[in-house]
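Report on the following structure.
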Amino acid sequence: MNGPSRPKIVGAALVAGWLLFNPANVAFGQPPVAAPPNDLPPGVGYENIDVLTRGPLHEAFAEQFTDEPTAGLIVNRQPPEPIDEVPPDYRPEGANVEWIPGYWGWDVENEDFIWITGIWRDVPPRQRFIPGYWTRVDNGWQWISGFWTLEQTSQLEYLPYPPEAVDSAPSSEPPTTDHFWVPGQWSYVNQQYRWRAGYWSVGYDDWVWIPDRYVWTPYGCVFRPGYWDYVLTSRGTVFCPIRPRVVTAGFRFQPTYVVDTGVSLLVNLFVQPRYHHYCFGDYYGDTYVARNIYPWVSYHTVSRRYDPLYSYYRYQYRESSYVQRIARWHDYFRDHRELRPPRDLAGQVRMATRVNGQYADYITRAHSLRALADRPGDHHRYSRLDRDDLVRVERYASPLREISRERSTWETLHRGEFDRGRTDGVDRRPDFARDAREPRDRDDRRN
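Take 0 as the starting number for the sequence shown in numbering that gives the first Met the number 0 and just add one per residue.
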C-alpha cells in the first residue's frame, strides 16, 4: 500500500488536547475554531420543507466499510422521483471540489424517505464516484450502494460473490505506535478467491485509509480498491437532509443549511451497516441498537468489525485519550435525553433559547451557508459561483445521474446470474461515459 501522493494542508485539524470533557460536571473545552453564531431565527426554513439535523450521511462523503459484500436494506415503499436539486451558489475552496447530487435515503424511525442533500466534495486523489440507486425486488425496494473507485474506471467489473471474510480484526500487536491495521480481504486470482491476510501499515497524519472492499450488487459484486481520503473536516461541505411535505410540479430545491463536520459530528456519529451508511444526530439508546445502528466509537466491539474512521482517529491521536473522550461525550448524551441534539432546524432554534454558552454552540450543528461564506478569516473559505460556474457544475453532475440509471438498468436486468453458476470469470458492464468536464475544468484546481 502506497502513501498519499500529494500533501494536504488541513485547515481545521483537531487538537488532541482540546476535548476536556468531564461528564460529572459537564465541563466543555474551547473548540480550536469558534463555532458559527446562532444565525437561525425562529421559524426559518423553506416552504413545505422540514430541514433535518439528523439522518444518513451522503455515501460520497463517508463510505461505510464492510469486510464482505452484503445485500442492501429493503423497504416497503417506492422512492419518489428524484428532486430537481440546484447546486448552491457558494463553493468551498479545495484542490478538486465537485458537486455530487443528492438522493432519496431511508428514515428508519419514521419508515419514510428523506432527501439526502447533495454535497460539495473535495474528491479523493485519483478517484471518481459511482452513485447508488434504489431497485425493485420481490418484497419491496432495495438500496444498492454507491462507492468511490479509480478515476480511470470506464467499466465496472462484476465478480462472483467471495466467501465469508476470515477476520478483519488485528491478529497481533502493532510493531510501533506509527502503524495502523489494514484488514484482510479476498483476492480474485485465476478465477478463484484467495485470502490475503491483514497487516500493519505505517500511517500518515491527516489521511484516512479506506480499505479494499467488495460492493454487493444484484449482478455479482464489484471490487473497490482501497484509497486515501481526507479527514472529515477537509472533505467538503455537507448539507442538511430535508423532508418535503409536498412536492409539486416544477419543484426545485437549493441547499442552504450546512452540517458542522467538526467535533460535533464525531460525537454524534453512528454506523448503520445494514443500510451501508454512516448517520449523524440523535440515534442514542437501545432502540437504535436494536435497529443495528451503532456509535462509531464502539462499532469495533460489534463482532470485531472494522471502521476506517475509528482506525484513523486512534492512530492520529495515539498519544492522547481523544477517542475515549469522544466516547464519553456520546455516553453523556445517551444518558441525558434532554440534552441530545435536536432533530430538525426548528428544534435547534428552540433548544438555543434554553441552552446557552459553549454547550449550546457545541450541539448546534446546522448553519447558514451564506453566513459561513461571509465570515472573514474562517478556515472554510467559499467563493461565489457565477452563471458559467453553475453551468459547469451541472455538466459534471448530470453524468453522475446517468451512471446511476445505467447501473440500475444493467445490474437488475441480469440479477442473480452469478448465483445461477456464472462463476467462470469477470464480466465488464456497463460502459460509463468518461468525465464530461473539459480538461481545463478538471485540472485547474488540482495540485
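Here a beta-carbon is modelled for each residue, glycine too, at the ideal position from N, C-alpha and C.
Task: Counterpart residues of residue 83 in DSSP-defined beta bridges - done: 251
Task: Residue range of the unbroken beta strand (DSSP E) whose run includes residue 256 - done: 256-258
Open item on the list: Given this structure, state the Cα-to-Cα distance separating residue 281 from residue 339, to the nearest angstrom.
Closed with: 6 Å
TODO: Would you be able to state if there are at least three C-beta pairs under 8 Å between the region 139-153 and the region 295-313?
DONE: no
TODO: Could you pull out every residue in the same chain whose Cβ sits closer than 7 Å to the Cβ of residue 293, ignoring the five residues on either side in sequence?
DONE: 269, 270, 301
TODO: Go to residue 409, then tell me how far its alpha helix (DSSP H) extends in each direction, as first and last residue.
DONE: 386-412
- [ ] Using three-state DSSP, classify residue 261 as helix, strand or coil.
- [x] coil
Task: Simplified DSSP state of residue 155, which is helix, strand or coil - done: strand
Task: Boundaries (first-last residue) of the alpha helix (DSSP H) holding residue 91 - done: No alpha helix (DSSP H) holds residue 91; the beta strand (DSSP E) holding it covers 89-91.
Open item on the list: Is the separation between the beta-carbon of residue 114 and that of residue 84 shorter than 9 Å?
Closed with: yes
Task: Contiguous alpha helix (DSSP H) assignments of at least 4 residues, all confined to the region 313-366 - done: 321-334, 344-353, 357-362
- [ ] Give the DSSP-derived three-state secondary structure of residue 302 in the structure shown.
- [x] coil
Open item on the list: Once the 5 residues before and after residue 117 are set aside, which same chain residues still bring their CB inside 8 Å of it?
Closed with: 57, 84, 86, 98, 99, 100, 101, 238, 254, 396
Open item on the list: Short of 8 Å in beta carbon distance, which residues of its chain neighbour residue 72, apart from the five on each side in sequence? Order them along the chain.
Closed with: 105, 141, 142, 273, 274, 275
- [ ] Note the first and the last residue of the continuous beta strand (DSSP E) segment covering residue 236.
- [x] 235-238
Open item on the list: Give me, in chain order, the residues of the same chain whose beta-carbon lies closer than 6 Å to that of residue 55; leave out the 5 immediate sequence neighbours on both sides.
Closed with: 104, 115, 276, 278
Task: Which of helix, strand or coil DSSP assigns to residue 242 - done: strand
Task: At least three beta-carbon pairs within less than 8 Å, the region 61-76 to the region 144-162 - done: yes
- [ ] Give the DSSP bridge partners of residue 147, in chain order.
- [x] 128
Open item on the list: If the criterion is Cβ atoms closer than 9 Å, does the pair residue 69 and residue 215 meet it?
Closed with: yes
TODO: Output yes if chain B places a C-beta closer than 9 Å to the C-beta of residue 202; else output no.
DONE: Although the question refers to chain B, the structure presented lacks it and comprises just one protein chain.
Open item on the list: If I follow the unbroken alpha helix (DSSP H) through residue 203, where does it start and stop?
Closed with: First-last for residue 203: undefined, no H or E at that position.
Open item on the list: Which same chain residues end up closer than 8 Å to residue 223 when comparing Cβ atoms and leaving out the 5 residues on each side of it in sequence?
Closed with: 146, 147, 148, 211, 212, 213, 214
Open item on the list: Can you look up residue 382 in the DSSP assignment and give me helix, strand or coil?
Closed with: strand
- [ ] Compute the Euclidean distance between the alpha carbons of residue 208 and residue 167, then round it to the nearest angstrom.
- [x] 15 Å
Open item on the list: Using the Cβ count rule (16 or more neighbours within 10 Å means buried), how would you classify residue 162?
Closed with: exposed
Open item on the list: Taking a contact to mean a Cβ-Cβ separation below 9 Å, would you say residue 244 touches residue 49 in this structure?
Closed with: yes
TODO: Just mark residue 249 as buried or exposed, buried being the case when its beta carbon has 16 or more other beta carbons within 10 Å.
DONE: exposed
- [ ] Provide the residue(s) that pair with residue 57 in DSSP beta bridges, ordered along the chain.
- [x] Paired residues: none, contrary to the question.
Open item on the list: Taking the beta carbon of residue 365 as the centre, do at least 16 other beta carbons fall within 10 Å, making it buried, or is it exposed?
Closed with: buried
TODO: Go ahead and label residue 176 buried or exposed: buried means 16 or more other beta carbons lie within 10 angstroms of its beta carbon, across all protein chains shown.
DONE: exposed
Open item on the list: Considering only the alpha carbon of each residue, which of 231, 192, 242 lies closest to residue 263?
Closed with: 231
Open item on the list: Let's test the definition: count the other Cβ atoms within 10 Å of the Cβ of residue 240 and tell me whether it reaches 16, buried, or not, exposed.
Closed with: buried
Task: Distance, residue 174 Cα to residue 342 Cα - done: 43 Å
TODO: Have a look at 388, 153, 283, 319 and flag the residue whose alpha-carbon is nearest the alpha-carbon of residue 458.
DONE: Outside the shown range of the chain (0 to 446) lies residue 458, about which nothing can therefore be said.
Open item on the list: With the cut-off set at 9 Å, would you say residue 352 and residue 135 are in Cβ contact?
Closed with: no
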